[in-house]
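Trainee:
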Amino acid sequence: MRLALPRWSGTLAVKAAVFITVMCCALAALLGVLVHVSVTHRTVGEARDLALSRLEDATTAFEAGDTLGPGAGVDPPGLPAALRDLAVAGERGTMVAEHRGRPTMWAAGPADGERSERGVPPAGGRGRALAVAVDYAQSARTIEALDNAILWSSALAIGATLLVGAFAVTRVTRRLHATARVARRISAGDLDARVDDPRTKDPTRPQDEVAAVAVALDSMASSLQGKLLSEQRFTADVAHELRTPLTGLHAAAELLPPGRPTELVRDRVAALRTLTEDLLEISRLDTGRERLEPDTEDLGAVARRVVRAATASSRAPSNGSPGTHPITGTGTSAGTGTNTEVRVVREARVETDRRRLERVLGNLVANAHLHGRAPVVLTVDGPVVTVRDHGDGYPEYLTAHGPQRFRTEGGAKGHGLGLTIAAGQAEVLGARLTFSNAPDGGAVATLTLPHTPPPETVPRDGTTPPGGRGLPDGAARRAAGSDSS
C-alpha cells in the first residue's frame, strides 16, 4: 500500500527544503568524517611517535642498567594484556587504553636482553615487557573538541543554508502561486486578469522558467479574450441584423392565403425568429449585460407556474430546442409540459429573479420532453430543484464539460442553445446547474439556488463588469469551444 502523505508535503517549498536539508546533512557528514579521520590520525600518530621515542630511551637505560624515566617500567600495572603479549613475543607496539581513569598511550617492547625471534618467547620461562605510559588525555580532549566543533558548525551551516534556500525557493513559489491565481481567475471568466511579471518587462534581466510561463499565460489570455470578444460581437451583430428582415418576413407570411404551404412558411419563420432571439440572449449573457431583479419567491409555486405555462403553450417554446442528448422515444412534445409531475419534498423561499428562474426551469422541462422519455419529474427539495426524464440520459461530453451551443449528437434536432441559455441564466442568478445521468436511466439536471442573489454587476465598455466578474463562471469555457460543431 502506498503511504498517504499530507497535502502540504507535496508543495515545492517543502520538497526543496527537504532536498536542501538532506544534501547539507550528507555534505556535512562527509566533511566531518574526513576532518575527524585526518585530525585523529595525526593526533594519534604524534602520541604514538612520542611513546615509541620514550620507549627507545627506556630500553637504552634498561640495557645500560640505569634508572628508568617516569612512566616507564617492567610489566607495570595497567599494561593491556594484548600489548604485553606482543612485547613478550619480541615485537614493539602501541595501544590507547584507560589507566587510572585517564586515557593513556602505551608503548611496549621486550625487556629480556636480546630480543627473541619473532613469535618465539625467550628460553627459560615467561618473558617480561618493558612499557612506557604517556598521558593521552590532552589529545583525546582535542579530538572531542574537534568533533563538537564539527557538529555545531554543521548544524549552523545547515540552518543558514536552509534559510537562504527557503528564501530563494519562496520567491519562486510566490511567483508561481501568483501565476496560478491569475490562471484560476481567467478560467472563472475574468479575461482581463494578467500576471504582469516585472521580469518580463525588463529585457536586460535574465528570464527564468517562471517568467516564461507568465508570458505564455498572458499571451494566451489576450488571444482568448480577443477571440471571445470577436465571437460575441459577431453573434450579437448577426442576431441584431436578422431581426429587421425577420420582422418583415413574419408580417409578409401573415398575409399569405391559408393553406399547407403557408403553415410551413410561418413555422419556419417562427423557428428562425426563435433562434435569433436565443442568439441575442446568449450574446447578452456572454457580455455580462444581464441585471438581476430579485424578489422573494416560493420555489414550489414557481415550479408549478412553469409547468402550467408549458402546458398552456400551443407551440414549442424557443427555449426548448437545446439538442443536448439524442431523441430516444416518442415522449411528449417539447414545451407542452404534459405528463410533467411536480414534487415538492421541502418548500423553500429564496430571493431570486423570478423571470430568469422560470426561464431556466422552462428550458430544462422542454429539453427533457424533447429529448427524453416521459414521465418528466420536477422536484423541489429546499433550494435544490431537479428535472429528470427517463430517456437514455445526457451524452458524455455534456456531463463532463457542460452544454455547448450548436452541438448535437445522435441525430438530435435543435441548436444546443436551450441548455446553454439555462446554464448562463443560472450563473447570473448565482445558482449552480449540473448535469448527470441517473443510475437506473434518464437525464438529471440539478439547479442549486443560493440563499441570497449575487451582487448586481454593470458591464464596463460592453466587456467586463467592475470587480472582475466578466463572463459568468464557465461561460468563457463554453464560448471558447462551443461552436466547433
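The sequence shown runs 102 to 586 under this note's numbering.
Think of the CB as a built atom: it goes at the ideal place given N, C-alpha and C, for glycine as much as any other residue.
Predicted, not measured: the structure shown is a model, and the values here were computed from it.
(1) Over the uninterrupted alpha helix (DSSP H) stretch that includes Gly525, give me the two end residues.
(2) I need the boundaries of the beta strand (DSSP E) containing Glu442, first residue and last residue.
(3) Could you check whether Thr453 and Leu534 sit closer than 8 Å to each other, using their CB atoms as the reference points?
(4) For chain D, check one thing: does any of its Cβ atoms lie closer than 8 Å to the Cβ of Thr141?
(5) When you compare the CB positions of Val477 and Leu462, do they come within less than 8 Å of one another, or not?
(6) Please classify Val123 as buried or exposed, where buried requires at least 16 neighbouring CB atoms within 10 angstroms.
(7) Rounded to a whole number of angstroms, what is the C-alpha to C-alpha distance between Leu131 and Ser240?
(8) Quick check on DSSP: helix, strand or coil for Val296?
(9) Which one or two residues does DSSP pair with Gly174 in a beta bridge?
(10) Should the stretch 302-312 be called in touch with the stretch 254-269, which here means at least 3 C-beta pairs below 8 Å?
(11) On the DSSP letters alone, give me the boundaries of the beta strand (DSSP E) that Glu394 sits inside.
(12) What's the C-alpha gap between Phe536 and Val119?
(13) Which ranges would you report for the beta strand (DSSP E) in the stretch 253-310 if only whole runs of at least 3 residues count?
(14) Please name the residue, chosen from Asn538, Arg282, Ser331 and Ala524, that lies closest to Thr549 on a Cα-to-Cα basis.
(15) Using the Cα positions of Leu343 and Ala354, report the straight-line distance between them to the nearest angstrom.
(16) According to the neighbour-count rule (16 or more other Cβ atoms, all chains shown, within 10 Å of its Cβ), is Arg369 buried or exposed?
(17) Between the stretch 286-293 and the stretch 325-339, do at least 3 Cβ pairs fall closer than 8 Å?
(18) From this set, Leu393, Arg489, Ala230 and Val446, which residue's C-alpha is nearest Asp541's C-alpha?
(19) Look up Arg533 in the DSSP assignment and give the residues it is bridged to.
(20) Leaving out five residues before and five after Met547 in sequence, what residues of the same chain have Cβ atoms less than 6 Å from its Cβ?
(21) Mind reading off the beta-carbon distance from Arg444 to Thr412? Whole number of angstroms is fine, and I expect it under 8 Å.
(22) DSSP beta-bridge partners for Ile210?
(23) How long is the line joining the alpha carbons of Phe268 and Val115, rounded to whole angstroms?
(24) If the criterion is Cβ atoms closer than 8 Å, does the pair Leu151 and Gly210 meet it?
(25) Count the C-beta pairs between the stretch 141-151 and the stretch 240-251 that are closer than 8 Å, then say yes if the count reaches three, no if not.
(26) Once you ignore the five residues that flank Gly430 on each side, which residues in its own chain have a CB closer than 6 Å to its CB?
(27) Have a look at Tyr237, Ala188 and Thr160 and flag the residue whose alpha-carbon is nearest the alpha-carbon of Val197.
(28) Can you give me the C-alpha to C-alpha distance between His472 and Arg334, rounded to a whole angstrom?
(29) Thinking just about the alpha-carbon of each residue, which of Glu364, Ser331 and Glu442 is nearest to the one in Arg406?
(30) Quick check on DSSP: helix, strand or coil for Arg334?
(31) I'd like to confirm the pairing. Which residues does DSSP put opposite Met321 in its beta bridges?
(32) Please classify Gly436: is it buried, with 16 or more other beta-carbons within 10 angstroms of its beta-carbon, or exposed?
(33) With the cut-off set at 8 Å, would you say Asp297 and Ala312 are in Cβ contact?
(34) By the three-class DSSP mapping on this structure, what secondary structure does Leu356 have?
(35) Quick one: measure Cβ to Cβ for Ala113 and Thr274, integer angstroms, because I've assumed they're closer than 8 Å.
(36) If Gly194 sits next to Ala188, beta carbons under 8 Å apart, how far is it from one beta carbon to the other, in whole angstroms?
Mentor: Based on what the coordinates show:
(1) Gly519 to Val529
(2) Thr441 to Arg447
(3) no
(4) No chain D appears in the structure shown, which is made up of a single protein chain.
(5) no
(6) exposed
(7) 23 Å
(8) coil
(9) Ala232
(10) no
(11) That residue, Glu394, is in no beta strand (DSSP E); it is neither H nor E in DSSP.
(12) 44 Å
(13) none
(14) Ala524
(15) 16 Å
(16) exposed
(17) yes
(18) Arg489
(19) Thr549
(20) What sits at residue 547 in the sequence shown is Thr, not Met. Taken in chain order, the residues that qualify are Thr487 and Thr535.
(21) The pair is not a contact, with the Cβ atoms about 17 Å apart (cut-off 8 Å).
(22) First, the amino acid is wrong: residue 210 is Gly here, not Ile. Note: Gly210 sits in a beta bridge opposite Leu231.
(23) 12 Å
(24) no
(25) yes
(26) Because Gly430 sits at a pLDDT of 28, beneath the cut-off of 50, its placement in the model cannot be relied upon, and the following sentence gives the value as read from the coordinates. The residues are Arg474.
(27) Tyr237
(28) 31 Å
(29) Glu442
(30) helix
(31) Note: Met321 sits in no beta bridge, so no partner.
(32) Its pLDDT being 39, under 50, Gly436 is placed unreliably by the model, and nothing is read from it.
(33) no
(34) coil
(35) A quick correction: the sequence has Leu, not Ala, at residue 113. Contact holds; Cβ gap of about 5 Å.
(36) 7 Å
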